[in-house]
Structure formats: structure tokens, C-alpha cells
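Shown next, in C-alpha cells, is the structure this report addresses.
Numbering (the working numbering), first residue to last: 44 to 485.
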């Protein structure tokens, strides 16, 4: 098929996520390699969001591709009730990467159903019903994960499932309180959460679910002491701490898992994206030994036809081996340092850049109308004038591909990116911001 045929079929027969369908103009993609992909006109694009923050190993990774082909020659599918070598091996590899308290893995199809099954397990294990999650969160858009989500993408699911309780992120940049330090901020937000848990009836709370680092809603990095404080609340009241590592996991932050940056051990960890880099869809829930032992004598009322799909698990094994063999964490930390320096330069230079937040190769640029007032460039939850859409379009024209959310541009390239490639790409962002600011004075 040629470019026009692919585009025509796509527009006529596919429903595209999170979009009004009228006027869509999807780019037909011909091939991908490394941090780049090409359209049918041979224009090269730099994948500066790793697609949906999942393509950590980049495009065209031969190790993962060959592992999928090798498994396909043996068998493509077997029911989860059978013992499958790729499923068994990958589960052990994941547990070996986790803190010592972790015991077993339940595999899912992706991040949304990983979060749904984690919630189910927490309710079964504790016998409680309430689940806390944050307003600036995205945990998936299926019915359960959508109720867990706090941001506006949950609205079509409302009125929702009883028992889901929201609380606020430690979003210091937008906070009116002039905290003296990160630690003071962390203590404040932990104290407010503790108060809310008590008022909701701590004995009714099964779990607190956190994106370890808030992802699409702004790469909000928790202040010093915050995660340890939340861990302490959970310990004090017998609440399960579930860390959603769907975006932050598998090297994105410079550690294998985001929570390692703050030296805590969750009770459950949900994951997806970087476990296979999207070559085959896969997610999962890693649970503590205590929770795993509970289900020795209690029925695990969770099940999926494609749980631990052999092709996906084969891809996952190859992916984790690729990370290890190529010292991927070293590259994330060295390239991440360069990324942080480049973003700080953008913040210093551009009047539209209010804040930059980064950890490893996970970052966001927050755009404002005025640096002193910190007024967002577009209203929360909408972009009525299409300002961010226009900006993302200008970047795409230069081959810099990413996406925005609210007033923020996400920058989360494949973990294989080099400092030289980062400098080349951030220079494009720098130039487009200059043009953008001249056409639309801030």
C-alpha cells in the first residue's frame, strides 16, 4: 500500500484515541530505527516521547525482534493455566529486579488492567474497599483504571465506582504556600494525606495508588521525604502502597524503577510499557511475598485470556537482557544529565518556559503566560484556541515528535539516545519556542 491508501483507510475505518475524528491527518509511517522513524516521503522524525513513553529500546531492536520470531516458531499462545517457559523466566527476572519484599507477578495486557487487578488484589487481601489516588494522575481509561485516574479523562466514566477517593499531588510549582524547603513541602502534603485517610476511616482504606512520578500530567517529581511519608501512613494503618511504574519503570528515571530513587519498598508495583517497549503489549502486577502467600489459601479472583502471553514474555526477556547488556542505566544517567542542563538553559532563555522538571530521561517543559504569576499558557483541561496543538505541529514540521498535555510538553526519548542527539533535538525545540514567542507574545 502507498501513503495515500494507508491514510485513507485509517481515516475511514479507525477511531483514533482522544481525538475528534473530523479533520485528523495521521502520518503514515514506513519504518523506524533507533530514536527515529520515517514517513513514506522519507522524512525523518525524532521520537522524543518514545511514542507513548514506552519505546525505551527504540525502533527496530533486533534482539527483541529475534526473540519474538524464535518464540513464534515454538508456539504463539498457550493458556495461562499451563507452565510456559517465557512467562516463568520473565516473572523471575522481574522479581529479581525488585526489592527483597516482592514475591510474585500476575501478568496483564497493559498498564490499565495492571492497575485494575492491583486494586482487586488489595481489596481481597485487606477486606477493605476504599482506594486513594491523586487528582493529577492517569492510571488508564478502562472502567476501573479510569475511576482510579484523577484528571479529566475520568469524566466520561462518572458517576463512577464507589470507594475511589482523590487527593492532591505535591505540585510545588503551582502551590501558593512558600515552602522553605522540599522537605517542608513533603511534610505538609504527607500531613494532609494522613488527615484525609483518618477522615475517610483508615480501617476502610485498602490501598493508596501513586504514579511514583506523576507522568503525563506534568512529570511531577515528589519532594524529599514525601514517598517515605506515604509509606509510613500505609504502615501505620495497614494500607497497601501500590506504585504505578507504568511510565517510570524499566530505566526511565535512571533507576530500574522510579521508587528506587527514594529508597522505599511498595506492597505492589504495576508495570507495562518499558517491559517490552511495546513490541508486544504486556503489563503486570508484582506483589509482596505476604500478598503472594495470602493467595496460597485464598482464590485469586483475577484472570485474563492473554495473561503472560508467550510472545510478549519472550519480548520482555529480550528487553530486560538488552537493558543489562547495554548498561542502559548508565546511558540514562549520563544523557539525562545533559538533558537537564539543556532544559535549564531553555528555562533561562525563554519567557514562555515557567518550569522544567526532569529525572533521568523523563521530563516536561511547563509553558506559562507570565513567569512571575505562573499563569498557565492554556487553561487546565482544555486548549480552546489550539495553542498547544499549534506548537506541537510546529515541532513536528521540524521532525521533533512528542505530545503535550495541558500546558506542558513531554520530553521522554528512547533510553538509547546519545548526548549529541539530545543537543540536536533540543536545539529544534529552542528554535521553535523562539518563533512561537515572536508570533504570540507572552
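Glycine residues also receive a C-beta, built at the ideal position from the N, C-alpha and C atoms.
Note that the structure is predicted; figures quoted are calculated from it, not measured.
Listed in chain order, the alpha helix (DSSP H) runs fully inside the segment 172-204 are 186-191, counting runs of at least 4 residues. Taken through DSSP and simplified to helix, strand or coil, residue 362 comes out as helix. Rounded to whole angstroms, the gap between the alpha carbons of residue 62 and residue 409 is 22 Å.
Taking 8 Å as the cut-off, the beta carbon of residue 190 is found no closer than this to the beta carbon of residue 175. In summary, residue 468 is buried, with 16 or more beta-carbon neighbours lying within 10 Å of its beta-carbon over all protein chains present. Residue environment for residue 478: exposed (fewer than 16 other C-beta atoms within 10 angstroms of its C-beta). The continuous beta strand (DSSP E) containing residue 312 extends over residues 311-314. The criterion of a C-beta distance shorter than 8 Å is not satisfied by residue 249 and residue 144. For the pair residue 194 and residue 455, the Cα-to-Cα distance works out to about 21 Å.
Of all C-beta pairs linking the segment 377-390 to the segment 241-261, fewer than three are shorter than 8 Å, placing the two stretches out of contact. In this structure, the beta-carbon distance from residue 157 to residue 359 does not fall below 8 Å.
Counting C-beta atoms within 10 angstroms of its own C-beta, residue 97 has 16 or more neighbours from the protein chains shown and is therefore classed as buried. Excluding residues up to 5 positions away in sequence, 78 lie with their Cβ nearer than 7 Å to the Cβ of residue 464 in the same chain. Between residue 73 and residue 84, the alpha-carbon positions lie close to 9 Å from each other. Distance between residue 46 and residue 436, taken at the CA atoms: about 20 Å.
Counting along the chain, residue 150 sits inside the beta strand (DSSP E) bounded by residues 145-151. In this structure, the straight-line span from the alpha carbon of residue 466 to that of residue 445 is close to 16 Å. The segment 297-310 makes contact with the segment 252-270, as at least three CB pairs between them are under 8 Å. When rounded, the separation of the alpha-carbon atoms in residue 241 and residue 280 is 9 Å.
Our two residues, residue 86 and residue 442, have alpha carbons roughly 8 Å apart in a direct line. In the DSSP secondary-structure assignment, residue 72 is bridged to 82. Within the DSSP bridge table, the entry for residue 409 names 398, 451 as partners. Only exposed fits residue 119, as fewer than 16 other CB atoms lie within 10 angstroms of its CB. Distance from the CA of residue 302 to the CA of residue 122, rounded to the nearest whole angstrom, comes to 33 Å. Around residue 369, the same chain offers 459 as residues with beta carbons nearer than 8 Å, after the five sequence neighbours per side are excluded. Annotation: the continuous alpha helix (DSSP H) that includes residue 269 extends over 269-280. Across the set 347, 93, 44, the C-alpha of 93 shows the shortest separation from the C-alpha of residue 322. Taken through DSSP and simplified to helix, strand or coil, residue 87 comes out as strand. Classified as exposed, residue 112 has fewer than 16 neighbouring CB atoms from the shown chains inside 10 Å of its CB. Note that the C-beta distance between residue 178 and residue 417 is not below 8 Å.
In this structure, residue 130 and residue 150 form a Cβ contact; the two beta carbons are roughly 7 Å apart against a cut-off of 8 Å.
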